[in-house]
Amino acid sequence: MKPSGIQLVQAGSQQRRIVIVGATSAIAEHCTRLWIRHGAADLILIGRNDKRLRRVADDLAVRSPASHIECLSVDFTDGAAIERAVATACTGGRPDIVLIAHGALPDQAVCQADLRACQDALTVNGVSPALFVEAFVSHMHNAGPASLVLIGSVAGDRGRQSNYVYGAAKGLLDRYAQGLRHRLALGGSALKVILVKPGPTATPMTAHLAAQGQPLAPVEAVARTIVSGVAQGRAVIYAPGKWRTIMLVIRCLPSIIFHRLKI
Amino acid sequence: MIPVRSWGRLSAGAHHVIPLHDPARVPHELQTHGPGIAYGNGRSYGDECLNPGGVLWHTARLDRLSYWNPDTGVLTCEAGVLLQDIQRRWAPQGWMLPVTPGTQLVTVGGAIANDVHGKNHHALGSFGDHVLRLWLARSNGELIECSPTQQPQWFAATVGGMGLTGVIVRAELQLRRVAGPWLDTETIPYGSLDEFFALADGSEADWEHTVGWIDCLAGSASSGMRGIFMRANPSAAIRGPMSQTKERYMPFTPPVSLVNRLTLKPFNAAYYYLQRRRAGRALQHYEPFSYPLDGLLEWNRMYGPQGFYQYQSVVPPHARLDATHVMLREIARSGEGSFLAVLKTFGQRSARGLLSFPRPGTTLALDFPNRGERTLRLFDRLDAIVLEAGGTLYPAKDARMPRRMFEAGYPRLHEFLPMRDAGMSSAMSRRLLGS
């Protein structure tokens with residue numbers, strides 16, 4: 000079954016170019032659905048698993064038959080492969096939006112006991128997205144206005160005993176985005192680097208948290224917050240917005256109190 | 000384990016909820032966990048989608064559209080897609096689902112598993128009549144592809160099969176051509192059951208949608224009763240009123256039911272007079288006509304923390320006048336009352352599923368706030384009337400019918416049982432099938 004919507008569009012079309020890294024992640028998928036609802040786009044979906052990418056691409060093609068969709072599978076831990084994938088994604092023209100959304104919520108206890116698991120978690124959640132950003136910036140920094148959107152996490156705002164491996168990796172992205180914004184501002188670039196910090200969201204990645212009864216935000220609502228924040232060009236987007244206040248309090252707690260909390 | 004409710008909010012038992020997100024992995028998930036039951040958008044009213052203490056396979060993330068043929072109107076999608084997604088995506092382009100229930104906030108899988116019907120049942124049949132093919136995951140790891148002609152026994156058991164033949168992962172649906180999203184509607188007040196049936200029968204040939212609202216309390220006050228009959232046809236109009244897109248929420252659960260003895264009579268009277276003022280013909284968008292309650296999300300909270308029951312029966316054509324009359328009198332006498340009383344004739348159509356609810360006759364749907372024993376005692380008396388008339392109840396709405404009533408109303412149950420998946424179990428299946 001070949002979806003009717005996947006077709007080539009003629010060169011020089013005025014459609015927005017959108018690149019999604021980690022396109023099978025639930026948050027990314029819902030952001031993409033919202034973006035194509037506003038109008039057809041040239042989409043490049045980057046992921047690890049070709050079959051799963053295909054499913055997402057088929058869905059998007061049915062939703063937006065006028066969109067042109069390409070899939071690219073890549074090893075997220077290989078810097079050279081990332082460089083090639085990003086170069087391929089940018090050959091057809093400068094992207095208007097890049098969303099870097101891949102990640103995997105590790106088990107903190109396993110990371111503490113097994114350093115290979117710890118290394119994998121730090122790599123896939125921190126190093127790999129940072130390499131993607133760096134590669135995209137080199138292709139995009141001196142072109143016109145565009146948005147480079149990174150999915151971080153509220154977990155990156157302050158290290159906590161329950162998930163500091165994931166938090167540290169996401170915190171890395173926070174510093175990386177900060178530094179890039181500094182560099183781009185000095186260079187007079189119109190490229191915006193946007194860091195999204197979702198709170199716990201109902202996605203396949205957090206299924207075990209849902210099973211433990213932890214309240215999770217619906218992924219559709221998180222995606223709506225992200226898409227409208229990107230349209231407004233905000234540097235940091237908390238999704239849902241209440242996490243801005245919650246994390247402000249958590250960041251400001253003095254250690255003497257913080258260290259007594261089992262969070 | 001997390002608390003999960005169905006639409007009636009009668010219970011909030013703890014469930015082990017397993018989200019399904021990859022159709023290819025569903026058979027494996029069913030093999031590893033369970034027994035359990037599929038849970039889509041939680042719109043069935045009673046215990047059909049619940050399995051307290053056990054597993055629920057949550058299908059909300061099986062929400063991909065897989066294939067669309069713009070020439071034939073055939074859509075293939077995963078089972079967790081909401082009917083609203085389909086309607087809103089394609090109605091502007093002149094394609095709609097042929098049959099939908101009174102809410103479009105149900106999943107495709109749920110619509111198949113209940114073989115849901117709509118106001119146009121007499122013309123277009125039930126949801127299952129427009130399913131071309133479906134893919135069913137079984138707890139033995141199998142994935143069965145079936146249609147009315149390919150492995151038809153699986154198809155007939157799964158359409159209306161209450162989720163008990165396996166988990167539906169994907170379906171191929173036939174959409175229908177429409178000129179636009181509008182309906183030519185007519186609203187007609189009526190003053191007796193005879194009048195209702197005359198209107199319903201007289202409209203069947205020329206009107207695709209027919210439905211009656213009935214004030215089930217007015218009968219006690221005088222010899223007469225009153226109601227509003229609504230009928231509609233797809234309109235050829237290419238311009239018309241748009242649907243209200245702003246969603247409103249019932250923001251909290253009130254400590255007591257807002258539907259009670261004090262409010263019911265004024266509610267019903269207000270609704271009657273409001274609708275009577277709108278009597279006559281009008282061009283309406285399909286959303287407010289077909290899904291009037293979708294405009295207030297979580298309206299089920301208005302029944303308070305005790306929740307509510309829906310009692311939906313069907314009685315055969317020959318018994319319809321007497322049985323409906325006696326039921327309404329019994330309700331009025333009990334002092335319990337229903338705000339949403341809906342009366343609809345099914346015409347002569349039978350449905351495809353072995354356990355499908357729609358059948359030739361008249362269906363009456365009533366909502367009652369849960370007032371414990373006294374509500375249940377009323378249902379026992381209504382059951383007796385329905386059974387006597389040779390009728391039955393709709394499992395999608397049910398939370399309490401006795402097993403013998405189910406067995407009496409579903410004569411093809413013995414054909415269904417061998418098709419059942421032993422790995423599928425719900426509170427309802429244990430109540431009505433013993434396991």
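First to last, the sequence lines map onto chains A and B.
Going by numbering that gives the first Met the number 0, the first sequence opens with residue 0, and the numbers climb by one from there.
Going by numbering that gives the first Met the number 0, the second sequence opens with residue 0, and the numbers climb by one from there.
Glycine included, C-beta positions come from ideal geometry on N, C-alpha and C.
{"Asked": "Report the CB separation of N124 of chain A from A103 of chain A in whole angstroms; it is logged as a contact under 8 Å.", "Found": "7 Å"}
{"Asked": "In this structure, what does DSSP give as the bridge partners for R15 of chain A?", "Found": "A:A40"}
{"Asked": "Nearest to I384 of chain B by alpha carbon, out of B:L354, B:D397, B:M224, B:R328?", "Found": "B:R328"}
{"Asked": "Identify whether T344 of chain B lies in helix, strand or coil by the three-state DSSP scheme.", "Found": "strand"}
{"Asked": "Would you mind working out which of B:V166, B:M241, B:L320 sits nearest Y285 of chain B, comparing C-alpha positions?", "Found": "B:M241"}
{"Asked": "Please look up how many angstroms separate the CB atoms of L174 of chain B and L74 of chain B, rounded, as I've assumed it's under 8 Å.", "Found": "6 Å"}
{"Asked": "Would you give the residue range spanned by the alpha helix (DSSP H) that L172 of chain A belongs to?", "Found": "163-185"}
{"Asked": "Compare the C-alpha of R15 of chain A against each of A:L247, A:H67, A:Y175, A:R157 and name the closest.", "Found": "A:H67"}
{"Asked": "Buried or exposed, going by whether 16 or more other CB atoms sit within 10 Å of the CB of S312 of chain B?", "Found": "buried"}
{"Asked": "Over the uninterrupted beta strand (DSSP E) stretch that includes I36 of chain B, give me the two end residues.", "Found": "35-38"}
{"Asked": "What residue range is occupied by the uninterrupted beta strand (DSSP E) comprising C110 of chain A?", "Found": "Looking at the DSSP string, C110 of chain A is not in any beta strand (DSSP E); the run it does join, the alpha helix (DSSP H), is 107-112."}
{"Asked": "Can you have a look at N119 of chain B and say buried or exposed, based on whether 16 or more other CB atoms are within 10 angstroms of its CB?", "Found": "buried"}
{"Asked": "At a Cβ threshold of 8 Å, is A25 of chain A touching chain B?", "Found": "yes"}
{"Asked": "Looking at chain B, is there any beta carbon in it that lies within less than 8 Å of the beta carbon of Q9 of chain A?", "Found": "Any reading at Q9 of chain A is ruled out, since the residue's pLDDT is 41, under 50, leaving its predicted position unreliable."}
{"Asked": "Suppose you measure from the CA of V73 of chain A to the CA of R403 of chain B; what does that come to, to the nearest Å?", "Found": "59 Å"}
{"Asked": "Of all the CB atoms in chain B, is at least one closer than 8 Å to the CB of D106 of chain A?", "Found": "no"}
{"Asked": "Rounded to the nearest angstrom, what separates D114 of chain B and G352 of chain B at their Cα positions?", "Found": "7 Å"}
{"Asked": "Taking the runs of the alpha helix (DSSP H) that are 4 residues or longer, which of them lie wholly in the stretch 83-112 of chain B?", "Found": "107-112"}
{"Asked": "Using a C-beta cutoff of 8 Å, does V16 of chain B count as contacting chain A?", "Found": "yes"}
{"Asked": "If you run the structure through DSSP and keep just helix, strand and coil, what is D183 of chain B?", "Found": "strand"}
{"Asked": "Distance, Cα to Cα, I26 of chain A vs D113 of chain A?", "Found": "29 Å"}
{"Asked": "Does R54 of chain A have its Cβ less than 8 Å from a Cβ in chain B?", "Found": "yes"}
{"Asked": "Kindly say whether V61 of chain A, judged by its beta-carbon, lies nearer than 8 Å to any beta-carbon of chain B.", "Found": "yes"}
{"Asked": "Any idea which residues DSSP pairs S333 of chain B with across the strands?", "Found": "Looking at the DSSP assignment, S333 of chain B forms no beta bridge with any residue, so it has no partner."}
{"Asked": "What's the call for Q437 of chain B, buried or exposed, on a 16-neighbour Cβ count within 10 Å?", "Found": "Given that chain B is displayed from residue 0 to residue 434, the structure contains no residue 437 of chain B and the question cannot be resolved."}
{"Asked": "Check whether the stretch 64-82 of chain B touches the stretch 96-105 of chain B, taking contact to mean three or more Cβ pairs, one atom from each stretch, closer than 8 Å.", "Found": "yes"}
{"Asked": "Give the range of the beta strand (DSSP E) segment to which A134 of chain A is assigned.", "Found": "No beta strand (DSSP E) holds A134 of chain A; the alpha helix (DSSP H) holding it covers 127-139."}
{"Asked": "Verify whether the separation of the beta carbon atoms of W34 of chain A and I45 of chain A is less than 8 Å.", "Found": "no"}
{"Asked": "Any C-beta of chain B within less than 9 Å: which residues of the stretch 195-210 of chain A qualify?", "Found": "A201, T202, P203, A206, A209, A210"}
{"Asked": "Does any residue of chain B have a CB that is nearer than 8 Å to the CB of D74 of chain A?", "Found": "no"}
{"Asked": "I want to see whether chain B comes within less than 8 Å of L247 of chain A, judged by CB atoms only; does it?", "Found": "no"}
{"Asked": "If you run the structure through DSSP and keep just helix, strand and coil, what is W212 of chain B?", "Found": "strand"}
{"Asked": "If contact is defined by three or more beta carbon pairs under 8 Å, each pair taking one atom from either stretch, is the stretch 14-21 of chain B in contact with the stretch 51-71 of chain B?", "Found": "yes"}
{"Asked": "So G303 of chain B and T252 of chain B are in contact, right, with Cβ under 8 Å, and what is the actual spacing, rounded?", "Found": "6 Å"}
{"Asked": "Which residues mark the beginning and the end of the alpha helix (DSSP H) in which V168 of chain B is found?", "Found": "Premise fails: V168 of chain B lies in the beta strand (DSSP E), 166-173, not in any alpha helix (DSSP H)."}
{"Asked": "Take the Cβ of V3 of chain B as the centre, count every other Cβ of all protein chains shown within 10 Å, and call the residue buried at 16 or more, exposed below.", "Found": "buried"}
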